[in-house]
Structure formats: C-alpha cells, structure tokens
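Worksheet: one structure, shown below.
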Amino acid sequence: MISLLSTVRRHQLTTFFSLALGLTWLGFIPFWLSNGDSIPWFTFGPMAAGFIVASLSGGWTSVKAILASMVKWRVHPTWYLVAFGLPFATQLTSIMINPLFGAAAPAWANIPALSEMVPIIALYAIFSGPLGEEPGWRGFATSRLLASHSALAGSLILGVIWAVWHFPLGLVGDLSLYGTINVLLAAVVFTWLYQNTGSVLLAFIMHLTHQNSVRFLGQVFTGGDYVQQQWLGVGIWAVIAVIIVAHYGTESFVRRPKMRFAVAGTV
C-alpha cells in the first residue's frame, strides 16, 4: 500500500490521465450498448480521477483545493464576459460569415424556444461533460502540468489527451475531425482562462456555453453547410489561441508573475 501511494505521488499526472481515460471508457460501455439512450455517467471520469489522485497524493489539502476552485466566483467581471461571451460570439460569427462561403442563409427559426432549451441545457451541464470534466482537466491537471511545462506546452499536452478522451464517442456517431481539432485549440483558451482566474467554475461556464452554442445555434444550418460552419468556428478558435500566445507569450498566459495555486506534491 505504501509503495502504491509513493508511486501515485511521484507520478500524479500519469496516474490521473490513466484513470481518467480508463474510468471514462469503462463507463462508456453501457452507454454504447444502449445506443446512447442511457445516462452518460462516463463523463464523470476526469472528475473522479482528479479527486482519487488528489486524495492519494495530497490528502484533504489537495481535494479541498479542487473543491475551492469549483466554487470560486469572486473574479473580475470581465472573465465572466469571456466565459459566457467568447464561445457564443465565436459560434455566432461563424454563422454570420458562413453564407459568404456559399452556404444558404441561416434558418433562425430552427433554433428551439428558450423555454425548451433551458431544461435541456441544465441536464447537459451535469451529464454532458462540463461538470464531470472541468474539476479534472482544469482543477487537477492544469496546475500540475504548468508546474513543469510552459502554459502552451501544458495546454497542448492536455489538449491531446482531452481529444483522445472523446474517441469512444465515435462508436455512437458523435465524433468529428473538426470537433477533435477544436478540443486541442480550446485547451489553450481554457488554460488562459484558468490561469487568470484560478476558477474551475469559470471553466465550467465556458465549457457549457461552447457546447450549447454549437448544439443549438448550429441548427440554423444542415448538411454540408453545417459542417462548413463548424470548420469556420474552428478557424476562429485557432485565431483566438494565436492571439493569446502572441499577446501573453508561451510561459504562463498571464501578464503578472505566474500564479501558483494550492497543489500538494506537484510533479
């Protein structure tokens, strides 16, 4: 037992990523067997892995650090605007310019009424990734990755693993190349948000906003026009990521000394 704990403490990130992928993919099996009709508990893999490794490597102190970041709401209002507005604006911009590349005019009537969307968004917030992923990817992994890597390198490492984490969705027809690339680019933007706020709550909001702006606003197009619009969205996310790196540099994505969050036994 002592040997196991020692190994986990020395290799926190390796243990976390292995558990996050393993728990997720194991939990995906019943979802796949139900043809996507069961509750997607597999989305809680990263959260579970984060809390398990945090408790084994740093005890209550490390667990408490993640919990505190999940409810950290006292940040500058600008960051709320970023978390809510950036994904929405990206999606809306891609919709508005899509006709310039030959797509039909957006069919705004295809977007469901707000009263229909709100309960669905609430369910997706819990069971479609934002709640189950962010305490793991941002609350646990980001600070530890950046303890030994630059913000850009850490983001790309996390982005690749985050993208791979989604691969089982291909079994239910819910995986695309543009979505996979978007995850890699989003990892840079999410690191920037987290580095400047230390808040998993804000990352949760951005995740939820991005996911549902694609899900609902994207309904204004169908077929090839929809695919083209999503690629345009990926291009905009790429521009945002490049601007972040160009403005802040690769090291920390902040203009002040690198923020150090409470992490016990980082590697």
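Residues in the sequence shown are numbered consecutively from 0, following numbering that gives the first Met the number 0. Ideal Cβ positions, reconstructed from N, Cα and C, are used throughout, including at glycine.
- The Cβ-Cβ distance between Phe100 and Gly49 does not fall below 8 angstroms.
- Ser127 and Phe87 have their C-alpha atoms roughly 18 angstroms apart.
- The Cβ-Cβ distance between Ala150 and Leu183 does not fall below 8 angstroms.
- With three or more CB-CB distances shorter than 8 angstroms, the region 18-28 counts as touching the region 155-169.
- The region 106-121 and the region 224-237 do not touch, with fewer than 3 CB-CB distances between them shorter than 8 angstroms.
- Under the three-state reduction of DSSP, Trp72 is assigned to coil, being neither helix nor strand.
- The alpha-carbon of Glu132 is positioned some 34 angstroms away from that of Ala102.
- The beta carbon of Ile204 is closer than 7 angstroms to those of Ala82, Phe83 in its chain, skipping five residues each way along the sequence.
- If you look at Phe30, you'll find it in the alpha helix (DSSP H) that goes 11-32.
- Each of Gly58, Thr196, Val244, Leu176 was checked against the Cα of Gly232, and the nearest Cα belongs to Leu176.
- Excluding residues up to 5 positions away in sequence, Leu55 lie with their Cβ nearer than 7 angstroms to the Cβ of Leu4 in the same chain.
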